[in-house]
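There are 2 protein chains.
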Amino acid sequence: MASRSDDDPRIGDISEGAVLRAILARTAPAVHAVLGPGDDAAVIAAPSGSIVASADTLVEGPDFRIAWSSGYDLGWKSAAVNLSDIAAMGAVPTALLVSLAVPADIRLSFIEAMADGFRECCAQLAPGCSVVGGDLTVSERLMIAVTALGDLGGRSAVTRAGARDGDVVALAGELGMAAAGLGLLFARFRDGAAAVPVDRSTLDPVQQGALDRQLRPVPPLALGPIAADAGATAMMDVSDGLALDASRLADASGVTIALSGAALDELAFGGDRGRALGGGEDHGLLATFPAGAVPAGFERIGTVTARADAPVLVDGRPVAEAGWDPYRDWDHAR
Amino acid sequence: MASRSDDDPRIGDISEGAVLRAILARTAPAVHAVLGPGDDAAVIAAPSGSIVASADTLVEGPDFRIAWSSGYDLGWKSAAVNLSDIAAMGAVPTALLVSLAVPADIRLSFIEAMADGFRECCAQLAPGCSVVGGDLTVSERLMIAVTALGDLGGRSAVTRAGARDGDVVALAGELGMAAAGLGLLFARFRDGAAAVPVDRSTLDPVQQGALDRQLRPVPPLALGPIAADAGATAMMDVSDGLALDASRLADASGVTIALSGAALDELAFGGDRGRALGGGEDHGLLATFPAGAVPAGFERIGTVTARADAPVLVDGRPVAEAGWDPYRDWDHAR
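Residue numbers (our numbering), protein chains in the order written: chain A, 4 to 337; chain B, 4 to 337.
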C-alpha cells in the first residue's frame, strides 16, 4: 500500500523531529505555561507557590491492548488517569509531560490521534491544562509515561492521612463501570488469548457506555478542589478498586473505613457490589469529610471509625482487599 | 542459586509494593518537597511562582547496555541528563519523578543501586533535589522515564531564542569526553555485536576518565543559574553534539554561531575537533552572553553573527550538523 505509506508513514521511517512537529501541531496552546514545548524545558506558572506532581505509565499488555484502544482512546486515558491524581490532592491540573516509547511500525496517524486524545481530555476535564513537554523513543512495546502537574491555588494538599473517627466517607464518580467495560473486552473481543477489535454493534447501549468508560474514563476532576475547599480531611482517587484503595486510605490515616452495603449497591454499576468493591479504573474520588461538610457531587457511602481489626468493613464485616488487575492476571508475569 | 534468589529476588517474584519500599528506603528526604512519595501526588514548593519542567527517557538498546552500565550508573545518568535540562533554563533543580519499566528477571539489588545513583547524583550535582514520585511497571526492556522540575528563583528562563548579533558564544563543561568513552565501549567491550562487561584494568587512566564521563556524566549544573544571573541571552545543554545543538540555538535565535577552531581544539577532549563537534552526551552548557559578561566557568568558543547561509560556522566555514548517535546507528531500526 504505497499510497498509505506515503500519506501515513510508519514512525520508524520518519525523523523524530517530524513526529514531534506532527504532535505539537495537535497540541493546545499552553495556558498555564509561560513557555511550552521546544526548548530544554517548559516554564509553568505556579502562582500559589506550591505545585503537585504525579507520574503514571500505561504499558501495552499490562494496561491496554492496541486491538481494543484507538490512539485517541490511549491519549485520553493516559491524560485522565494522571489528571485524576492531581485532582485527588485538591489541586487544579496545569500541565502534562508525555514520554512516548513507540514501536517503529506504528503509523503516524495513530500518534496524531493520541495527541488529539490528550488535547481533548484536557479540554473537557481540565480546561487550561495542556501538554508542555515530553520525549519520544522507539521500543518494542508502546509505553506512555506521563507526569502531571497541578497548582493548589492556596489550598492545603489533601492527603490520604487525615481521616478522623466520625468523618463521613463519600465518593464522587462511577463505581464498577470501567471494570464492567473491561469485562466485556475480555469476554467478547478475544480470539483465544489474542485481543480482537471491538464491534460496538454487538453491544447494547448500557454495555457501550461501560466500554467507553473503560477506554476513555471521565474522572470527576473538578470535584477535587471543591472537596478540598469543603474541608475534606483525606482524599484519593480510586484506581485499583474501592476495597484496596479504601484500605490504603485507612492505613495512612490509622482508621477504619466502615462502608454501607446498601449505599454501595445503590452506586454500583449494574448493582454489582463485588465489582464495585474490586473493580478498578473508574478514577472516582474517595474522600472523608467532617459530618455535614459533604459537597454536592459526592455520595455518602460510609463512616470513619477508630481503627478496628480490619481497615475496611462493609456492614461491619471485613472485606478482601484484592485489587482489580485482569490484564496482568491474564498473561503477564507478575 | 537459591541463596542469592532469597537475598536478592528478581523483580518479577516480589510485589510492586516491596520494590517501591526498597527504593524509597534509599531515596533522600525531600528538601523542596512539602510532601514526598506515597500519596496520589507529591507537593513541591515553588516559592518564585514559576517552575521549569522537562522529561527525558533512557531506553535499553538505543541509550544504554546493561552489560556496560551498573544500576548505579543508570540511576546517576538518568538523573544527570534530566537535571541538565533544568540548569540549561537557568533554574535550580528541585524534584525528579521516575517512571521505571523493568524486566521481570532483573534483581532487586540492581534497582536498589539505581535508587542510590539517583540519590548520589542529586546530592553531588543538585543538592536539595530528590526523587519525589514515580511509578513501576514490568516490560521486556529496561526504560527509565524521568521528569525533572526546577525553580527559577525569580530569574527569567533562558531559552534558545535570545542570542543576538555581537554576543559571545561560550561553553561550560566537557567537549567530546563522553563520546570518547562511548567509543571505547564500542571498540573494546563487544563480542561480535553483543556488549560485554567492561574490564577497567585494560584502560589507562585517561580512558577510564572518559568511560566514567560516558557512564556517569557530570554536567556543570550550578553554572546554569550563574549564567542566567550574568545575563546569558540564550542557553541550552549540549546533548546531541555541539554542531547540531549549536545549529538548534542558531535557528531558534535567527542568528549564526561562528565558532573558533582554535578554541575548539583547546577544549576538545584529546584534541579531537571532529569528536568535539559531533560527539554528544557531555551535557555541557552552551550559552551566549553580551560581550564582557561571560562568567567564570565558561570558556569563550566563538561569536554570534547576523544570520548567514549556515547556522554554524567554524573559522568561517559551514560544518555538518550530524549528531552523535552510535547506539542507534549500531543496531537500531531508526
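Cβ atoms here follow ideal geometry from the backbone N, Cα and C, with glycine treated the same way. Computed from a prediction, not measured in an experiment: that's the story for all the values here.
- B:Asp59: member of the beta strand (DSSP E) spanning Ser53 to Val62, first to last residue.
- Within chain B, the residues whose beta carbon sits less than 8 Å from that of A:Met92 are Asp42, Asp43, Ala44 and Val46, listed in sequence order.
- Interface with chain B (8 Å Cβ-Cβ cutoff): A:Met239 is included.
- Between the alpha carbons of B:Ala183 and B:Ala249 lies a gap of roughly 20 Å.
- B:Asp240 carries a strand assignment under DSSP once its states are collapsed to helix, strand and coil.
- The three-state secondary structure of A:Leu145, taken from DSSP, is coil.
- For B:Glu115, the enclosing alpha helix (DSSP H) begins and ends at Leu111 to Leu128.
- Of A:Leu267, A:Pro65, A:Thr308 and A:Val46, the smallest CA-CA separation from A:Phe292 is found for A:Thr308.
- Using beta-carbon distances, B:Glu143 counts as an interface residue toward chain A, with a partner under 8 Å.
- Between the C-alpha atoms of A:His35 and A:Glu177 there is a straight-line separation of about 29 Å.
- Nearest CB-CB separation between A:Pro50 and chain B: below the 8 Å threshold.
- Of the residues A:Asp66, A:Ile47 and A:Leu288, the one whose Cα lies closest to the Cα of A:Val37 is A:Ile47.
- Along the region 131–163 of chain A, the positions whose C-beta sits under 8 Å from a C-beta of chain B are Val135, Gly136, Gly137, Asp138, Thr140, Val141, Ser142, Glu143, Arg144, Met146, Ala148, Thr150, Ala151, Leu152, Gly153, Leu155, Ala160, Thr162 and Arg163, read in chain order.
- Contact check for A:Asp275 against B:Asp240 fails: the beta carbons are separated by 8 Å or more.
- Between A:Gly300 and A:Pro228, the C-beta gap is not smaller than 8 Å, which leaves the two residues out of contact.
- According to the DSSP secondary-structure assignment, A:Ile47 is paired through a beta bridge with A:Ala36 and B:Ile54.
- At the C-beta level, A:Leu188 and A:Leu206 stay beyond 8 Å of one another.
- Sequence-ordered contacts of the region 56–83 of chain A with chain B read Ala56, Ser57, Ala58, Asp59, Thr60, Val62 and Pro65 [C-beta pairs closer than 7 Å].
- Look at A:Val258 here: in three-state DSSP terms it is strand.
- At a cut-off of 8 Å between beta-carbon atoms, A:Ala98 makes contact with chain B.
- Each of B:Arg310, B:Leu139, B:Pro106 and B:Phe121 was checked against the Cα of A:Glu143, and the nearest Cα belongs to B:Pro106.
- For A:Ile89, the nearest beta carbon of chain B is closer than 8 Å to its own beta carbon.
- B:Val322 is outside the set of residues whose beta carbon lies under 8 Å from a beta carbon in chain A.
- Under the 8 Å Cβ criterion, the region 76–96 of chain A counts as touching the region 217–231 of chain A, having at least three qualifying pairs.
- Listed as beta-bridge partners of A:Leu289 by DSSP are A:Leu174 and A:Met239.
- At the C-beta level, A:Ala58 and A:Val149 come within 8 Å of one another.
- As the crow flies, the alpha-carbon of A:Phe121 is around 8 Å from that of A:Ser133.
- For the C-beta of A:Ala104, the chain B residues within less than 7 Å are, from N- to C-terminus, Thr60, Val62 and Met146.
- Here DSSP, grouped into helix, strand and coil, assigns B:Val22 to helix.
- Counted as a single uninterrupted DSSP element, the beta strand (DSSP E) harbouring B:Pro96 occupies residues Val95 to Val105.
- When secondary structure is reduced to three states using DSSP, A:Asp138 falls in the strand class.
- The distance from the Cβ of B:Gly244 to that of B:Gly282 is about 6 Å, consistent with a contact at the 8 Å cut-off.
- Looking only at A:Val171, A:Val172 and A:Ile304, the smallest Cα-Cα distance to A:Leu267 is reached by A:Ile304.
- Chain A has a Cβ within less than 8 Å of the Cβ of B:Val37.
- In the three-state reduction of the DSSP assignment, A:Ala299 falls in the coil class.
- B:Ile54 reaches chain A at Ile47, Ala49 and Ile54, counting residues in chain order whose Cβ is nearer than 7 Å.
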